[in-house]
Amino acid sequence: MRALNRKLWRDLWLMRGQVLAIAAVIAGGVATLVMSLSTYDSLVETRDRFYREYRFADVFTRLKRAPDSLGARLAQIPGVAHLETRVNAVVKLEVAGFYDPITGVLSSLPDSGEPLLNTLHLKRGQWPAPYSTDQVVASDTFADAHGLEPGDRIHAIVNGRRKALTLSGVALSPEYVYQIAPGAMFPDFKRYGVLWMGRHALSIAYGMDGAFNSVTLTLAPGANAQGVIDRLDDLLAPYGGVGAYARRDQFSNRFLAEELKQLRTTATVFPAIFLGVAAFLLNVVVTRLIATQREQIAILKAFGYRPLAIGAHYLGLVLAVTLTGVAGGVALGAWFGHGLANVYMEFYRFPTLDYVLRIEVVAIALAVTVLAAVAGTLLAVGRAMRLAPAAGMRAETPVVYRATVLERLGLQGWFAQPSRMILRHIERRPVKSALTVLGIACAGGLMMVGNYQRGAIDFMVDVQFRQAAREDLKLAFIEPTAGRALFELAQLPGVRHVEGYRDVAANLRFGHRHYRAALYGIEPEGVLHRSLDRALKPVRLPEAGVVLTDHLADNILGVKPGDRLTVELLEGERRVLQVPVAGVTRQFLGVSAYLRRDALNALLREGDVVSGAYLAHERADAPALYARLHERPRVLGMVAHASAIASFYDTLGEFVLFFNMVATLLAATIAFGVVYNSARIALSERGRELASLRVLGFTRGEIAYILLGELGLLTLLAIPLGFLIGTGLCGILVIVFESDLYRLPLVLEPSNYALAAGVVVVSALVSGALIWRRLGRLDLIAVLKTRE
Amino acid sequence: MAVASPQCVFRARGLTKVYTLGEVQVHALRGIDLELYAGELVVLLGPSGSGKSTLLNILGGLDTPSGGEVYYLERNLSAADEDELTRFRRDHVGFVFQFYNLIPSLTARENVAAVTEIARAPMQPEQALRLVGLGERLDHFPAQLSGGEQQRVAIARAIAKNPAVLLCDEPTGALDSHTGVIVLEALEKVNRELGTLTVLITHNAGIAAMADRVIRLSDGRIVDQQRNADKCAARELSW
């Protein structure tokens with residue numbers, strides 16, 4: 001078969017433009033597959049190793065305060081392998097030269113030696129000296145954001161007292177792979193920091209001497225996690241325990257898990273589109289190739305080549321194209337994967353991210369691609385195998401054209417002859433024309449998917465921060481405080497408006513479903529913090545009952561207005577109440593339950609009490625206001641929205657840019673692949689016809705119109721279809737990516753559509769230009785002399 | 001000159017062939033009885049549509065008859081399935097077509113090799129090409145060869161496997177008279193030197209002079225058969 005192999009390579013070389021275009025589409029699919037799967041593998045492996053080597057706990061809980069002696073009893077709970085008690089303090093931090101409010105968490109370390117659980121990976125510096133009173137280890141995100149190095153000093157306001165702290169080291173923790181302030185919407189490395197310091201020094205400063213307020217533990221093999229959690233909750237209830245949760249509900253870990261889920265989705269949806277398009281292109285090209293090589297097939301059969309040998313020959317050609325694409329795709333995918341992994345490292349902090357490209361991933365890519373390619377071409381190859389040699393030798397009967405629908409409707413007068421040729425050609429092969437339109441449309445759709453996140457995030461931010469949470473500053477008191485504190489806040493410089501809120505952790509139950517959420521008591525007619533209905537109009541909170549965010553009501557608890565919800569309050573007397581669901585509100589970030597503040601105060605059997613306040617203030621007075629708030633010992637966390645949003649966009653920018661680049665590249669590849677191949681095939685099928693027209697006196701422009709006009713028409717048809725496909729795909733992704741952490745709204749902006757149409761049109765124009773050059777080289781004499 | 005050998009290579013009885021082309025039925029053969037003998041050079045003569053190509057295709061195992069029987073030696077080709085026909089063609093038949101039907105992406109040598117690679121006892125591709133006078137043009141692609149040269153590559157390809165039968169469908173149909181003669185000389189030489197039964201289809205009566213036997217077809221029937229008492233050499237032909 002050596003001669004036949006040589007024919008294969010030369011055929012490939014002759015078709016190199018088309019081969020490359022198809023290989024590029026395949027490479028696009030394989031690249032997304034390899035990128036997603038390898039990044040997924042890398043993240044999972046890195047995460048698991050980090051969790052294992054740094055002894056990430058299985059169960060977490062916090063409480064108000066319990067004596068150290070209780071720790072030993074907790075460790076006796078059956079199923080507990082290791083248990084560690086800690087002191088965690090939420091504090092205000094000061095970094096010289098930075099005036100925005102910074103919220104910090106000070107977490108205790110054993111006074112000597114490493115923690116039993118959740119130990120730290122020191123990036124720089126060292127552990128605090130044993131029993132040191134002022135040395136701390138800072139999280140790397142915070143240290144890097146402020147350019148802090150071991151030896152630098154910062155200050156913390158602990159329990160109202162300003163305490164100087166010296167950085168001994170900079171570290172990463174498995175507990176804070178994704179670092180985000182409680183109650184914040186986005187990570188903000190400058191305004192939120194985690195610090196670790198010796199237990200003794202922290203206990204003294206925080207008034208926790210001989211006590212603890214945080215417990216983490218690991219489970220013994222085979223232990224029942226829920227059993228341990230229930231027992232732990234029972235034992236800690238008298239000490240203000242707010243309910244333990246397993247690792248899967250740990251905040252940082254949850255975010256990571258959601259991200260991994262998205263990667264898996266990316267690994268299926270995108271390659272499926274690419275490989276579908278590639279299969280179609282291969283089908284078109286191989287069908288045409290076999291048609292042009294009918295006589296060659298016939299002669300090979302005449303000389304005794306078996307159908308199987310013929311089939312193998314053409315499948316070999318398909319496989320050669322496929323393998324070229326897979327090879328390119330794996331290389332590109334590894335490159336994208338590296339890039340993506342690095343982008344992830346901005347958000348998710350691991351000691352090192354070891355990029356792994358498992359051989360299984362390559363094998364999957366290869367298997368899936370070969371399957372798609374063979375499936376796409378089997379029909380054409382089968383036809384070659386079945387071709388009777390005598391039939392192959394006869395000239396093909398002229399293809400049957402007929403008048404188009406438009407002409408049967410009597411509209412032919414509207415179209416000149418060339419336009420009629422275009423329409424007849426499209427109508428003669430409706431399936432192929434439809435698939436061409438679909439292929440191009442997929443490119444447009446893909447482009448929209450690559451860009452929709454930006455619009456969705458803009459919209460989310462707009463709804464969240466300009467319509468729902470319109471405060472400039474959200475602050476939390478160190479503990480629930482009398483409502484009159486609000487009047488004092490209103491007197492501070494630049495404050496325009498103050499609204500108090502009361503929040504409390506609660507277990508919400510409905511039937512067998514339950515969810516731990518924050519119950520927010522807000523002002524019923526607040527102007528700063530409002531909840532919005534499904535049409536995004538502000539909702540006036542009813543006298544009685546709770547209003548739930550849509551995701552919580554619809555997807556998590558399955559309740560509707562009118563149902564009665566069981567609410568287990570996790571503070572104070574830990575009352576269990578039946579509360580009616582009064583309404584459902586729309587919210588894209590997090591899930592919560594809202595009710596009137598006075599109603600919540602009543603449920604908690606307390607007077608006019610607030611946990612914190614929302615403030616609107618004059619922008620110019622911000623530094624003075626921050627300074628005054630900083631001095632107030634009862635004011636704890638502060639989140640300034642404007643700066644948080646700005647810093648989020650900074651980080652997000654890189655992410656979005658990366659995705660836009662990849663999507664544009666891939667969508668352009670598909671659009672170009674489809675249009676160029678269709679044009680080349682049309683040229684090969686109709687070269688004779690076009691040359692004849694040239695001989696008859698048609699200009700190059702006129703024949704180009706006949707050939708490219710068809711593709712132009714199909715491309716134009718494809719654009720609106722692409723919008724539809726894009727909207728559909730975005731809709732699917734929005735549903736798939738839904739979680740209680742956030743839901744992306746399906747918001748497509750004119751720029752999304754414009755970009756999608758733009759990429760398609762430019763790709764079509766480029767392939768049109770390439771075909772235009774070929775039309776110039778049409779050999780009129782040769783075409784007329786040879787037999788079709 | 002050459003005397004018909006007594007061995008009968010092909011024997012056909014009552015061959016018919018009906019095609020359905022679109023909505024029309026074409027009776028290509030209407031009852032053919034025929035014997036062809038080893039070493040013969042036979043010319044099938046007839047206007048287009050007379051059934052020559054159909055007959056040739058059936059003899060060569062490219063097509064099957066609608067009725068009647070055809071034997072190659074003891075083998076009944078009319079009852080053979082696709083697999084048997086493929087084996088028959090692979091082992092015994094060489095074809096030459098009007099439009100050469102070379103594979104454009106393979107050189108002369110490679111076009112011949114494509115066949116010798118699957119043959120049982122082939123000659124070297126170079127040897128076959130030398131036999132048709134193309135020893136110097138082994139590595140040229142079809143597009144770099146003239147029509148006559150391309151047809152001679154096709155002949156080399158057909159004979160390289162040492163077939164028992166050489167079937168030529170209008171081998172000079174696309175060539176001018178001068179080039180056509182060169183091609184016919186090549187066929188004549190193969191027939192003479194290798195003793196291959198050679199069947200040559202043409203509608204060009206001038207070529208009939210080089211045959212041992214001339215069979216005339218018209219409208220799917222044999223209308224005349226005659227043996228050439230004094231056949232002339234190909235180089236003396238012209239049209």
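Heads up: the protein sequence lines correspond to chains A and B, in order.
Heads up: the first sequence is residues 1 to 788, going by our numbering.
Heads up: the second sequence is residues 1 to 239, going by our numbering.
Cβ coordinates follow ideal geometry from the N, Cα and C atoms, glycine included.
Treat the numbers as computed from the prediction; the structure is a model and nothing was measured.
### Query
To which residues does DSSP link V453/A through a beta bridge?
Translated into positions along the first sequence, residue 453/A becomes position 453. The sequence given here has Gln at residue 453/A, not Val. Bridge partners of Q453/A: none, in fact.
### Query
Listing by chain order, which chain A residues have their CB less than 8 angstroms from the CB of N101/B?
Start at 1 with the first residue of the second sequence, and residue 101/B comes out as number 101. What N101/B touches in chain A: E295, Q296, A298, I299, M393.
### Message
Using the Cβ count rule (16 or more neighbours within 10 Å means buried), how would you classify S751/A?
### Response
The residue labelled residue 751/A in the question sits at position 751 within the first sequence. Exposed, since its Cβ has fewer than 16 Cβ neighbours within 10 Å.
### Message
Closer than 7 angstroms between beta carbons: that is the criterion. Which residues of the stretch 106-128 of chain B meet it against chain A?
### Response
Residues L106, E110, A113, A114, V115, E117, I118.
### Task
Check the Cβ of K7/A against every Cβ in chain B and list those closer than 7 angstroms, keeping chain order.
Along the first sequence, read from residue 1 onward, the residue named residue 7/A stands at position 7. Chain-ordered, the chain B residues with CB closer than 7 angstroms to the CB of K7/A read I103, S105, L106.
### Residue-level contact to chain B via CB, G316/A, 8 angstroms cutoff
Taking the first sequence and counting its residues from 1, one reaches residue 316/A at position 316. Output row for G316/A: interface = no.
### Query
Do A21/A and R89/B come within 8 angstroms of each other at the CB atom, strictly closer than that value?
On the second sequence, residue 89/B is found 89 positions in, with the first residue counted as 1. On the first sequence, residue 21/A is found 21 positions in, with the first residue counted as 1. Their beta carbons are not under 8 angstroms apart, which means R89/B does not touch A21/A by this criterion.
### Query
What does R89/B reach in chain A if we use C-beta pairs closer than 7 angstroms?
Along the second sequence, one-based indexing puts residue 89/B at 89. Chain order gives the chain A residues near R89/B as A302, F303, G304, where near means a beta carbon separation below 7 angstroms.
### Task
Could you pull the start and end residues of the beta strand (DSSP E) that V610/A belongs to?
Taking the first residue of the first sequence as 1, we reach residue 610/A at position 610. Counting along the chain, the beta strand (DSSP E) containing V610/A begins and ends at 609-617.
### Message
So, under 8 angstroms CB-CB, K161/B and G206/B are touching, yes? Tell me the CB distance rounded to an integer number of Å.
### Response
Taking the second sequence and counting its residues from 1, one reaches residue 161/B at position 161. Taking the second sequence and counting its residues from 1, one reaches residue 206/B at position 206. Not really, about 30 angstroms apart at Cβ, beyond 8 angstroms.
### Query
Among L109/A, T715/A, A622/A, L353/A, which one has its Cα closest to the Cα of V39/A?
Along the first sequence, read from residue 1 onward, the residue named residue 39/A stands at position 39. Note that residue 39/A is Thr in the sequence shown, not Val. Residue nearest to T39/A within the set L109/A, T715/A, A622/A, L353/A is L353/A (criterion: CA-CA distance).
### Query
How long is the line joining the alpha carbons of R11/B and L200/B, rounded to whole angstroms?
For the purposes of this step, residue 11/B is identified with residue 11 of the second sequence, where counting begins at 1. For the purposes of this step, residue 200/B is identified with residue 200 of the second sequence, where counting begins at 1. C-alpha of R11/B to C-alpha of L200/B: approximately 17 angstroms in a straight line.
### Task
Report yes or no: do three or more beta-carbon pairs, one from the stretch 264-279 of chain A and one from the stretch 51-58 of chain B, lie closer than 8 angstroms?
Flag = no, the stretch 264-279 of chain A and the stretch 51-58 of chain B do not touch.
### Task
Note down, in chain order, every chain B residue with its Cβ under 9 angstroms from the Cβ of A372/A.
To locate residue 372/A, count along the first sequence from 1; it is residue 372. Within 9 angstroms Cβ-Cβ: nothing; A372/A doesn't reach chain B, min ~27 angstroms.
### Query
Ends of the beta strand (DSSP E) at Q226/A?
Locating residue 226/A in the first sequence gives position 226, counting from the first residue. Note, Q226/A: premise wrong, no beta strand (DSSP E); alpha helix (DSSP H) at 225-236.
### Task
Could I get the ranges of all uninterrupted alpha helix (DSSP H) runs contained in the stretch 497-522 of chain A, with 4 residues as the minimum, in chain order?
If we require 4 residues or more, the stretch 497-522 of chain A turns out to have no alpha helix (DSSP H) run fully inside it.
### Query
Three or more C-beta pairs closer than 8 angstroms, one from the stretch 652-668 of chain A and one from the stretch 191-199 of chain A: is that the case here?
Here the stretch 652-668 of chain A does not lie against the stretch 191-199 of chain A, with fewer than 3 beta-carbon pairs under 8 angstroms apart.
### Message
Quick check: is the beta carbon of A312/A nearer than 8 angstroms to any beta carbon in chain B?
### Response
Within the first sequence, residue 312/A is the residue found at index 312, counting from 1. Output row for A312/A: interface = no.
### Query
Can you name, in chain order, every residue of its own chain whose Cβ lies under 6 angstroms from the Cβ of R221/B, other than the five neighbours on each side?
Residue mapping note: residue 221/B aligns to position 221 of the second sequence, counting from 1. A distance below 6 angstroms between beta-carbons, with the five flanking residues on each side excluded, links R221/B to the following residues of its chain, in chain order: R30.
### Query
How is the alpha helix (DSSP H) around T265/A delimited, first residue to last?
Position 265 of the first sequence, counted from the start, is the residue given in the question as residue 265/A. It spans 251-292 - the alpha helix (DSSP H) in which T265/A sits, taken as one unbroken run.
### Task
Using only alpha-carbon positions, find the residue among F347/A, H641/A, G304/A that is nearest to L262/B.
Given a span of 1 to 239 for chain B in the structure shown, any question on residue 262/B remains unanswerable.
### Counted within 10 angstroms of its Cβ, other Cβ atoms place S763/A as buried (16 or more) or exposed
For the purposes of this step, residue 763/A is taken as the residue at position 763 of the first sequence. S763/A comes out buried.
### Query
Straight-line CA distance for R231/A to T549/A?
Sequence index remark: in the first sequence, residue 231/A carries index 231 (1-based). Sequence index remark: in the first sequence, residue 549/A carries index 549 (1-based). Straight-line spacing of the CA atoms in R231/A and T549/A works out to 31 angstroms.
### Task
List the residues of chain B whose Cβ lies closer than 8 angstroms to the Cβ of R10/A, in chain order.
One-based indexing of the first sequence puts residue 10/A at position 10. Ordered by position in chain B, the residues that pass the 8 angstroms Cβ test against R10/A are S105, L106.
### Query
Under a three-way DSSP split, which group does W100/A fall into?
Working through the first sequence from its first residue, we reach residue 100/A at position 100. As written in the sequence, residue 100/A is Asp, which differs from the Trp given in the question. The answer is strand: DSSP assigns D100/A an E or B state.
### Message
Judging by CA-CA distance, which residue of A174/B, P142/B, V181/B, L187/B is the nearest neighbour of A240/B?
### Response
It is not possible to answer for residue 240/B, since the shown part of chain B is limited to 1 through 239.
#### Entry: Pick from R120/B, V96/B, L106/B, D169/B that is closest to A156/B, judged by C-alpha positions
One-based indexing of the second sequence puts residue 156/B at position 156. Distance check between A156/B and each of R120/B, V96/B, L106/B, D169/B places V96/B closest, using alpha-carbon atoms only.
### Query
Do the stretch 272-284 of chain A and the stretch 17-32 of chain A touch if we need at least three Cβ pairs shorter than 8 angstroms?
A contact is defined here as three or more CB-CB pairs under 8 angstroms, and the stretch 272-284 of chain A meets this definition with respect to the stretch 17-32 of chain A.
### Query
What's the call for G392/A, buried or exposed, on a 16-neighbour Cβ count within 10 Å?
Residue 392/A sits at position 392 when you count from the first residue of the first sequence. Buried: at least 16 other Cβ atoms inside 10 Å.
### Task
Leaving out five residues on either side along the sequence, give the residues of the same chain with a beta carbon under 8 angstroms from the beta carbon of L775/A.
For this step, residue 775/A is matched to residue 775 along the first sequence. Correct list, in chain order: L683, L690, R700, I703, A704, L707.
#### Entry: Any beta strand (DSSP E) of 3 or more consecutive residues that is wholly inside the stretch 87-153 of chain B
Taking only runs of at least 3 residues, the beta strand (DSSP E) segments lying wholly in the stretch 87-153 of chain B are 93-96.
### Pairwise C-alpha distance: H630/A and R162/A
Counting from 1 along the first sequence, the entry for residue 162/A is found at position 162. Counting from 1 along the first sequence, the entry for residue 630/A is found at position 630. Answer to the nearest angstrom: the Cα atoms are 10 angstroms apart.
#### Entry: Residue environment, L371/A, which counts as buried when at least 16 other CB atoms sit within 10 Å
For the purposes of this step, residue 371/A is taken as the residue at position 371 of the first sequence. Its Cβ having fewer than 16 others within 10 Å, L371/A is exposed.
### Message
Looking at the strands, I want to know which residues DSSP matches up with I222/B.
### Response
As a first step, residue 222/B is located in the second sequence; it is residue number 222 there, counting from the start. Within the DSSP secondary-structure output, I222/B pairs in a beta bridge with L217/B.
### is_contact[D139/B, chain A] using C-beta, thresh 8 angstroms
Here residue 139/B corresponds to residue number 139 of the second sequence, with the count starting at 1. So, not an interface residue.
### Query
What separation, rounded to the nearest whole angstrom, lies between the Cα atoms of H514/A and E738/A?
Against the first sequence, residue 514/A aligns to sequence position 514. Against the first sequence, residue 738/A aligns to sequence position 738. If you draw a straight line from the Cα of H514/A to the Cα of E738/A, it is about 18 angstroms long.
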